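Notes for the one structure printed next.
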Amino acid sequence: QGMDVSLMHFREIWPFPTQFVTSTLSKVKESFCVENNATGQLAHIIQAETGKQVTGKILRFDGRPFSPQYIIRELKKKKE
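Counting in UniProt numbering, the sequence shown runs from 1 upward without gaps.
Written out as structure tokens, the structure reads:
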């Protein structure tokens, strides 16, 4: 699909892996936080703990899981 992507998955967020997340975000051009809530809670925690803001958020709050196709479609919308 022409996108070079990586994934950072949090199984636990406390204690927050500040050094790892800061280092990882420093290496990328863009970062998107994919969350099952309406407000982007993890994106806010990332900013509070690292001082780095994610480029964008892909939020879904209808109780349904994310499919790869849904994420790709939303990423393409954000890139337009």
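Even for Gly, the Cβ is constructed at its ideal location relative to N, Cα and C. This structure is a prediction, so every number in the text was calculated from the model and none was measured.
Paired residues, beta bridge with residue i - DSSP
i, result
"G56", "F32"
Local Cβ density within 10 Å of residue i, reported as buried at 16 or more and exposed below that
i, result
"I46", "buried"
"V5", "exposed"
"T39", "exposed"
"A43", "buried"
Residues near residue i in its chain [Cβ-Cβ closer than 6 Å; skip 5 each side]
i, result
"L25", "S31, K52"
"G56", "F32, K78"
"E74", "I58"
"Q19", "none"
Contacts around residue i, its chain only, beta-carbon distance under 7 Å, and the 5 residues preceding and following it disregarded
i, result
"V34", "I58, F66, I71"
"R60", "N36, F66"
"V54", "S31, F32, C33, A43, I46"
Under the three-state DSSP convention, the category residue i falls into
i, result
"F20", "helix"
"T39", "coil"
Cβ shell of residue i (< 8 Å), same chain only, five flanking positions each side left out
i, result
"residue 94", "Nothing about residue 94 can be reported from this structure: the residues present for the chain run from 1 to 80 only."
"G41", "It is Gln, not Gly, that sits at residue 41 in the sequence shown. Cβ neighbours of Q41 beyond the five flanking positions: E35."
"M8", "V21, T24"
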